[in-house]
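S.K.: Sharing a structure below in structure tokens format, with a few things to ask.
2 protein chains.
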Amino acid sequence: MATEASTESAPEAYDELVAKVKRISNVQNAAGVLGWDQQVMMPDEGTPARSQQLSALSAISHELLVEDGIGDLLDDLDSADLSEEQAAVVREVRREFERAARVPTELVQEISETSSEALPAWKEAKAENDFSKFAPLLERHVELKREYAEHIDPDKDPYEVLFAEFEPCLPLEQAEEILDEVRETLVPMIDEIRESESDLATDAFAGTFDEDEQMELSRSTLDTLGYPWERGRIDVAPHPFSTGTMFDARVTTRFDESDPLGAVFSTIHEFGHATYTHGLPDEQYGTPLGEARDLSVHESQSRLWENHVGRSQAFWQQFLPTFQEHFSQSEDVTVEEAYEAANQVYEDNLIRVEADELTYHMHIIIRFEIERMLISGDLDVEDVPEVWNDKYEEYLGVRPETDSEGCLQDIHWSHGNFGYFPTYSLGSVMAAQLFAAAEEDIDDLDGQIREGEFDDLHEWLTSNVHSHGQRYETNDLVVEATGEDFVADYFLDYVTEKYGELYDLDSA
Amino acid sequence: MATEASTESAPEAYDELVAKVKRISNVQNAAGVLGWDQQVMMPDEGTPARSQQLSALSAISHELLVEDGIGDLLDDLDSADLSEEQAAVVREVRREFERAARVPTELVQEISETSSEALPAWKEAKAENDFSKFAPLLERHVELKREYAEHIDPDKDPYEVLFAEFEPCLPLEQAEEILDEVRETLVPMIDEIRESESDLATDAFAGTFDEDEQMELSRSTLDTLGYPWERGRIDVAPHPFSTGTMFDARVTTRFDESDPLGAVFSTIHEFGHATYTHGLPDEQYGTPLGEARDLSVHESQSRLWENHVGRSQAFWQQFLPTFQEHFSQSEDVTVEEAYEAANQVYEDNLIRVEADELTYHMHIIIRFEIERMLISGDLDVEDVPEVWNDKYEEYLGVRPETDSEGCLQDIHWSHGNFGYFPTYSLGSVMAAQLFAAAEEDIDDLDGQIREGEFDDLHEWLTSNVHSHGQRYETNDLVVEATGEDFVADYFLDYVTEKYGELYDLDSA
Numbered sequence: 001m002a003t004e005a006s007t008e009s010a011p012e013a014y015d016e017l018v019a020k021v022k023r024i025s026n027v028q029n030a031a032g033v034l035g036w037d038q039q040v041m042m043p044d045e046g047t048p049a050r051s052q053q054l055s056a057l058s059a060i061s062h063e064l065l066v067e068d069g070i071g072d073l074l075d076d077l078d079s080a081d082l083s084e085e086q087a088a089v090v091r092e093v094r095r096e097f098e099r100a101a102r103v104p105t106e107l108v109q110e111i112s113e114t115s116s117e118a119l120p121a122w123k124e125a126k127a128e129n130d131f132s133k134f135a136p137l138l139e140r141h142v143e144l145k146r147e148y149a150e151h152i153d154p155d156k157d158p159y160e161v162l163f164a165e166f167e168p169c170l171p172l173e174q175a176e177e178i179l180d181e182v183r184e185t186l187v188p189m190i191d192e193i194r195e196s197e198s199d200l201a202t203d204a205f206a207g208t209f210d211e212d213e214q215m216e217l218s219r220s221t222l223d224t225l226g227y228p229w230e231r232g233r234i235d236v237a238p239h240p241f242s243t244g245t246m247f248d249a250r251v252t253t254r255f256d257e258s259d260p261l262g263a264v265f266s267t268i269h270e271f272g273h274a275t276y277t278h279g280l281p282d283e284q285y286g287t288p289l290g291e292a293r294d295l296s297v298h299e300s301q302s303r304l305w306e307n308h309v310g311r312s313q314a315f316w317q318q319f320l321p322t323f324q325e326h327f328s329q330s331e332d333v334t335v336e337e338a339y340e341a342a343n344q345v346y347e348d349n350l351i352r353v354e355a356d357e358l359t360y361h362m363h364i365i366i367r368f369e370i371e372r373m374l375i376s377g378d379l380d381v382e383d384v385p386e387v388w389n390d391k392y393e394e395y396l397g398v399r400p401e402t403d404s405e406g407c408l409q410d411i412h413w414s415h416g417n418f419g420y421f422p423t424y425s426l427g428s429v430m431a432a433q434l435f436a437a438a439e440e441d442i443d444d445l446d447g448q449i450r451e452g453e454f455d456d457l458h459e460w461l462t463s464n465v466h467s468h469g470q471r472y473e474t475n476d477l478v479v480e481a482t483g484e485d486f487v488a489d490y491f492l493d494y495v496t497e498k499y500g501e502l503y504d505l506d507s508a
Numbered sequence: 001m002a003t004e005a006s007t008e009s010a011p012e013a014y015d016e017l018v019a020k021v022k023r024i025s026n027v028q029n030a031a032g033v034l035g036w037d038q039q040v041m042m043p044d045e046g047t048p049a050r051s052q053q054l055s056a057l058s059a060i061s062h063e064l065l066v067e068d069g070i071g072d073l074l075d076d077l078d079s080a081d082l083s084e085e086q087a088a089v090v091r092e093v094r095r096e097f098e099r100a101a102r103v104p105t106e107l108v109q110e111i112s113e114t115s116s117e118a119l120p121a122w123k124e125a126k127a128e129n130d131f132s133k134f135a136p137l138l139e140r141h142v143e144l145k146r147e148y149a150e151h152i153d154p155d156k157d158p159y160e161v162l163f164a165e166f167e168p169c170l171p172l173e174q175a176e177e178i179l180d181e182v183r184e185t186l187v188p189m190i191d192e193i194r195e196s197e198s199d200l201a202t203d204a205f206a207g208t209f210d211e212d213e214q215m216e217l218s219r220s221t222l223d224t225l226g227y228p229w230e231r232g233r234i235d236v237a238p239h240p241f242s243t244g245t246m247f248d249a250r251v252t253t254r255f256d257e258s259d260p261l262g263a264v265f266s267t268i269h270e271f272g273h274a275t276y277t278h279g280l281p282d283e284q285y286g287t288p289l290g291e292a293r294d295l296s297v298h299e300s301q302s303r304l305w306e307n308h309v310g311r312s313q314a315f316w317q318q319f320l321p322t323f324q325e326h327f328s329q330s331e332d333v334t335v336e337e338a339y340e341a342a343n344q345v346y347e348d349n350l351i352r353v354e355a356d357e358l359t360y361h362m363h364i365i366i367r368f369e370i371e372r373m374l375i376s377g378d379l380d381v382e383d384v385p386e387v388w389n390d391k392y393e394e395y396l397g398v399r400p401e402t403d404s405e406g407c408l409q410d411i412h413w414s415h416g417n418f419g420y421f422p423t424y425s426l427g428s429v430m431a432a433q434l435f436a437a438a439e440e441d442i443d444d445l446d447g448q449i450r451e452g453e454f455d456d457l458h459e460w461l462t463s464n465v466h467s468h469g470q471r472y473e474t475n476d477l478v479v480e481a482t483g484e485d486f487v488a489d490y491f492l493d494y495v496t497e498k499y500g501e502l503y504d505l506d507s508a
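From first to last, the protein sequence lines are chains S and A. First residue of the first sequence: 1, per the working numbering; consecutive thereafter. First residue of the second sequence: 1, per the working numbering; consecutive thereafter.
Spelled out as structure tokens, the structure:
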């Protein structure tokens with residue numbers, strides 16, 4: 001009788017839950033459009049109104065989650081008979097609800113307002129190389145985020161709580177183990193490369209490359225990879241990002257006249273993110289099954305396309321002529337030279353988004369260490385620039401001369417995002433594992449890339465990763481797609497083989 | 001004792017009311033950004049998600065207005081001691097609340113969803129000259145809007161109820177009287193012009209004008225008039241519009257290679273709208289005092305800039321060299337020729353947005369008559385194209401050959417906006433009255449325009465119109481600004497004098 005009752009009432013409560021969740025999702029997606037507009041289209045003085053609009057949407061979305069009966073519906077569904085997909089939806093909503101219910105609306109609103117103020121302050125500070133213009137807002141973010149973590153779980157390390165906001169299904173401990181393995185392999189490898197006398201074609205793309213033409217090249221790059229223009233667009237943003245839904249997933253990129261590869265890889269990277277979004281099932285728009293798994297998985301998609309496709313020799317074999325159509329000044333560059341230029345390890349790189357595939361992870365580790373100290377209170381905001389510069393000197397052998405190319409380079413802290421950076425490295429590691437599985441399943445993937453044929457890869461990623469939305473938790477998703485737990489091995493094998501060959505390393 | 005209590009509680013209830021109103025305004029302004037994006041930036045297949053996002057925001061905004069305690073606060077403030085400004089805010093909120101409270105949320109949501117579906121259907125129907133692709137959605141809009149009016153006031157003519165949505169402070173009867181006077185003066189005047197053997201320089205700007213350069217010219221036009229770029233931007237839209245807040249009021253325009261004046265006047269028109277928005281007081285953002293009075297007043301600002309400034313001889317005296325800098329092909333055009341070309345009365349004009357200052361009002365009257373018949377049920381949607389074409393033949397002596405240049409030309413019905421069109425003519429009439437008052441107050445306004453000096457005019461409009469927001473109701477605002485009731489006289493004098501001179505009419 002009890003079972004019957006719960007079976008009968010389950011669908012109704014479930015439908016009600018889904019309707020409420022869709023409304024929240026629509027509010028959040030609306031905020032996503034406003035955020036895109038703020039970074040790409042909005043005039044300078046639009047901030048006061050935009051800040052209040054985003055803050056209102058954020059507060060409404062929070063209230064709809066915690067004050068609109070979702071808690072009761074979750075209780076009703078506690079022992080209901082649900083399909084696997086329904087159970088996944090309930091699991092995801094419950095996790096969101098439980099976190100959100102512990103945080104007061106006012107605090108959420110304050111964080112949102114601080115972000116809207118911090119964005120232009122960060123821009124100005126970076127443009128003027130004046131950390132003091134950003135410091136008060138960073139300090140407010142740190143305080144608010146500590147308070148935030150305290151509300152969610154006062155007994156836990158606040159950083160663990162903040163990390164779980166971006167990676168709810170991946171224990172911080174597991175993440176740290178993977179990052180430790182990466183560090184242990186990469187540090188000596190980077191050392192060895194630094195000491196090697198390489199003759200890589202690092203200046204294959206030296207010169208000046210017109211920015212308008214780089215935009216055309218970016219469009220051609222998206223054409224090559226199969227970007228669906230009817231569901232997206234490309235624009236310029238100082239810190240490139242991708243945003244949207246499966247119906248409209250946009251990318252942004254940026255240009256440096258002296259670095260055309262920067263725009264190419266930035267575009268491919270954001271293409272990878274957008275491709276994940278495009279691969280989510282249309283009919284699940286607004287539910288967790290129509291939303292991407294968390295940040296590491298998202299980053300695995302961008303890194304897979306950027307590194308495993310875009311930085312491969314096969315890709316450059318077919319893409320180099322396209323590049324040369326846009327920039328005839330590079331007509332003498334060979335595929336091997338392009339491949340080497342695309343994979344050189346920089347010895348004096350200060351900027352994360354311009355970093356190579358190896359030193360990149362050192363950039364992440366530095367941020368990770370500084371974030372942990374900031375949140376734990378072991379580091380004052382005013383000391384961030386010095387500690388930052390010291391760490392760069394220690395780990396990478398270079399000291400930033402300005403804060404603009406030091407601790408002000410990234411946008412993330414202006415959003416109050418702490419615990420976000422590690423997901424970048426985790427995503428790269430996951431990309432290697434997924435790509436290895438795709439290589440197993442797809443007949444001659446390397447040959448297909450060499451031909452500019454990406455349909456099988458798109459199909460593999462869509463069916464094994466994208467189409468699931470949040471149906472599986474992170475580790476389960478990796479098992480479903482690759483048959484194995486999420487491990488560092490494939491990434492370590494990949495970099496060891498690739499860079500061993502490129503730099504003729506003893507360790508390879 | 002009772003008075004004391006209400007005096008003491010007034011500010012608190014008032015502050016609460018304002019906070020709630022600001023939240024609603026933020027949701028609506030967020031929807032405004034999404035609407036702009038939909039028309040200017042969104043990729044084709046983005047509609048399903050955008051439609052749901054706008055629909056959710058519309059429903060939330062409606063619920064916040066009618067279900068979030070605003071009714072109780074208005075009751076509390078009923079007999080409270082309020083300043084004039086506070087009383088105006090309460091008056092405006094009460095009007096909105098009372099209308100909205102009578103309409104069920106589901107109906108509001110349905111109308112919003114229909115609009116989102118109707119927009120692409122209208123675009124397709126217009127592109128393919130196929131009214132049947134738009135008809136079912138127009139029919140649904142008519143039914144929904146009749147139902148809507150019935151909820152608000154079942155005893156009133158539903159068209160009167162719908163008109164009041166756009167012109168809440170102007171009785172339909174007064175509006176009709178003004179439009180009657182306009183019709184009575186213009187019909188014989190247009191007849192006389194048609195029969196006159198004019199030798200106006202109608203082909204002064206014949207030729208082909210590059211669209212990219214027209215965009216540059218539009219930017220120069222905005223520069224000339226003093227558009228604050230730090231608070232706006234210009235883009236292209238098939239049906240130009242302006243949207244935003246005082247912090248970010250954007251304009252759109254459109255280009256026709258054979259009609260460079262079309263883009264100039266479209267840009268100036270939207271500039272006029274944006275200027276009104278920019279002139280609202282920053283500190284009142286989100287309250288009725290920071291929002292524009294209704295559509296006629298808004299249109300008075302666009303028409304004042306478009307017609308009284310942009311189509312004046314004085315304006316062309318200083319603007320023609322700017323035009324010629326962009327289009328050297330027009331270097332031999334004289335100021336008098338430019339002025340004549342800008343003011344020619346078309347005898348075969350089918351398109352409202354390309355109409356001249358006189359026949360324009362016939363376009364409006366045709367729509368007004370068709371709308372009234374549609375809403376009253378005297379006309380079926382399927383018969384709209386024929387009735388439309390008959391009326392054009394009757395009033396303007398031309399018959400559209402396609403529905404694309406007939407009843408499908410305008411976007412408004414795809415939004416379900418009935419009762420909106422008359423405000424266009426009313427705005428033109430009001431523009432003449434305001435401009436006459438500005439000419440009285442400003443020393444040599446014509447001379448200033450001749451010098452490209454617009455500061456005094458901006459200041460006059462800001463202090464007499466923009467800065468008041470919704471503090472005064474429409475008629476009171478006109479009295480405040482001009483010292484007289486809103487009447488047709490100034491407009492009739494203006495067109496009689498101007499066109500009498502241009503076409504050497506007997507009646508002038």
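Cβ coordinates follow ideal geometry from the N, Cα and C atoms, glycine included.
1. Closer than 7 Å, CB to CB, is A:Thr245 near chain D or not?
2. Hey, could you find the ends of the alpha helix (DSSP H) A:Gly427 is sitting in?
3. Inspect the beta-carbon positions of S:Ile449 and S:Ala314 and report whether they are closer than 7 Å.
4. Taking 7 Å as the CB-CB cut-off, is A:Gly46 touching chain S?
5. Would you mind giving the Cβ-Cβ distance between S:Phe491 and S:Val429, rounded to the nearest angstrom? I have them listed as a contact below 8 Å.
6. Among residues of its own chain, excluding the 5 on either side of A:Lys391, which ones have a beta-carbon nearer than 8 Å to its beta-carbon?
7. S:Asp157: which of S:Gly419, S:His308, S:Asp504, S:Val182 sits nearest, CA to CA?
8. Could you say which of S:Thr267, S:Met246, S:Ser302, S:His298 lies nearest to S:Gly279 if we only look at CA atoms?
9. Are the CB atoms of A:Arg341 and A:Ala201 nearer to each other than 7 Å?
10. Got a sec? Which residues, its chain only, sit under 7 Å from A:Asp378 by beta carbon, not counting five neighbours each side?
11. Is S:Glu4 close to chain A? Criterion is C-beta to C-beta, closer than 7 Å.
12. With a threshold of 6 Å on Cβ separation, who are the neighbours of A:Asp493 within its own chain once the five nearest residues in sequence on each side are excluded?
13. Quick check on DSSP: helix, strand or coil for A:Ala488?
14. Report yes or no: do the stretch 10-26 of chain S and the stretch 69-83 of chain S share at least 3 C-beta pairs separated by less than 8 Å?
15. For the alpha helix (DSSP H) containing S:Asp191, list its first residue and its last residue.
16. From this set, A:Gln214, A:Thr243, A:Ser300, A:Ile364, which residue's C-alpha is nearest A:Gln324's C-alpha?
17. Output needed in chain order: residues of the stretch 478-491 of chain S with a Cβ under 8 Å from some Cβ in chain A.
18. Just list the residues that DSSP pairs A:Ile234 with in beta bridges.
19. Let me check you understand the geometry: is the CB of S:Arg303 closer than 6 Å to at least one non-hydrogen atom of the ligand GDP?
20. Please say whether A:Leu217 and A:Phe271 have beta carbons closer to each other than 7 Å?
21. What residue range is occupied by the uninterrupted beta strand (DSSP E) comprising S:Thr245?
22. For A:Ala577, return the contacting residues in chain S, with the cut-off set at a CB-CB distance below 7 Å.
23. For a test of the three-state rule: what should DSSP assign to A:Glu336, helix, strand or coil?
24. Helix, strand or coil for A:Ile351? Go by DSSP, reduced to three states.
25. Who are the neighbours of S:Glu230 on chain A, taking C-beta pairs under 8 Å?
26. I'd like to know if the stretch 44-63 of chain A and the stretch 111-123 of chain A are in contact, where contact means that at least 3 CB-CB pairs between them fall below 8 Å.
27. Suppose the cutoff is 8 Å on Cβ atoms and the five residues either side in sequence are ignored; what does the same chain contact list for A:Ala481 look like?
28. Straight-line CA distance for A:Leu502 to A:Leu320?
29. Which residue from S:Glu440, S:His141, S:Glu473, S:Ile351 puts its Cα closest to that of S:Gly406?
M.R.: Taking the coordinates as given:
1. This model lacks chain D altogether, as its protein chains are S and A.
2. Within the second sequence, residue 427 of chain A is the residue found at index 427, counting from 1. 422-441 is the extent of the alpha helix (DSSP H) around A:Gly427.
3. Start at 1 with the first residue of the first sequence, and residue 449 of chain S comes out as number 449. Start at 1 with the first residue of the first sequence, and residue 314 of chain S comes out as number 314. A contact, by the Cβ cut-off of 7 Å.
4. In the second sequence, counting from the first residue as 1, residue 46 of chain A sits at position 46. It does; some Cβ of chain S falls within 7 Å.
5. Translated into positions along the first sequence, residue 491 of chain S becomes position 491. Translated into positions along the first sequence, residue 429 of chain S becomes position 429. Going by Cβ atoms, the distance from S:Phe491 to S:Val429 rounds to 4 Å, so yes, they are a contact pair.
6. For the purposes of this step, residue 391 of chain A is identified with residue 391 of the second sequence, where counting begins at 1. The residues are Ile366, Glu369, Ile370.
7. What you label residue 157 of chain S is simply residue 157 of the first sequence in a count that begins at 1. Selected option, being the one with the closest Cα: S:Gly419.
8. Residue 279 of chain S sits at position 279 when you count from the first residue of the first sequence. Nearest of S:Thr267, S:Met246, S:Ser302, S:His298 to S:Gly279, Cα basis: S:Met246.
9. Working through the second sequence from its first residue, we reach residue 341 of chain A at position 341. Working through the second sequence from its first residue, we reach residue 201 of chain A at position 201. Checking the sequence shown, residue 341 of chain A turns out to be Ala, not Arg. Against a cut-off of 7 Å, the Cβ pair of A:Ala201 and A:Ala341 comes out as a contact.
10. Counting from 1 along the second sequence, the entry for residue 378 of chain A is found at position 378. No residues qualify anywhere along the chain.
11. In the first sequence, counting from the first residue as 1, residue 4 of chain S sits at position 4. Any answer about S:Glu4 is weak, because its pLDDT of 40 lies below 50 and its placement is not dependable; what the coordinates show is given next. By this cut-off, S:Glu4 is not an interface position.
12. As a first step, residue 493 of chain A is located in the second sequence; it is residue number 493 there, counting from the start. The answer is none, since no qualifying residue turns up.
13. For the purposes of this step, residue 488 of chain A is taken as residue 488 along the second sequence, with counting starting at 1. Reduced to three states, the DSSP call for A:Ala488 is coil.
14. yes
15. On the first sequence, residue 191 of chain S is found 191 positions in, with the first residue counted as 1. Element bounds for S:Asp191: 172-195.
16. In the second sequence, residue 324 of chain A corresponds to position 324, counting from 1. With distances taken between Cα atoms, A:Gln324 lies closest to A:Gln214.
17. none
18. Numbered from its first residue, the second sequence carries residue 234 of chain A at position 234. Answer is A:Val251.
19. Although the ligand GDP was asked about, the structure shown includes no ligands whatsoever.
20. Indexing the second sequence from 1 puts residue 271 of chain A at position 271. Indexing the second sequence from 1 puts residue 217 of chain A at position 217. For A:Phe271 and A:Leu217, no; Cβs fall outside 7 Å.
21. In the first sequence, residue 245 of chain S corresponds to position 245, counting from 1. Where S:Thr245 is concerned, the enclosing beta strand (DSSP E) stretches over 242-245.
22. No information on residue 577 of chain A is available, as it lies outside the stretch 1 to 508 that chain A covers here.
23. Counted from its first residue, the second sequence places residue 336 of chain A at position 336. Residue state, collapsed to three classes: helix.
24. Taking the second sequence and counting its residues from 1, one reaches residue 351 of chain A at position 351. DSSP places A:Ile351 in coil when its eight states are reduced to three.
25. Stepping through the first sequence from its first residue, residue 230 of chain S is reached at position 230. What S:Glu230 touches in chain A: Pro43, Asp44, Glu45.
26. yes
27. The sequence position of residue 481 of chain A within the second sequence is 481, counting from 1. So the qualifying residues of the chain are Leu434, Ala437, Asn464, Val465.
28. Position 502 of the second sequence, counting from 1, holds the residue named residue 502 of chain A. Position 320 of the second sequence, counting from 1, holds the residue named residue 320 of chain A. Their backbone Cα atoms lie some 19 Å apart in a straight line.
29. Counting from one through the first sequence, the residue named residue 406 of chain S turns up at place 406. If we check each option's Cα against that of S:Gly406, S:Ile351 comes out closest.
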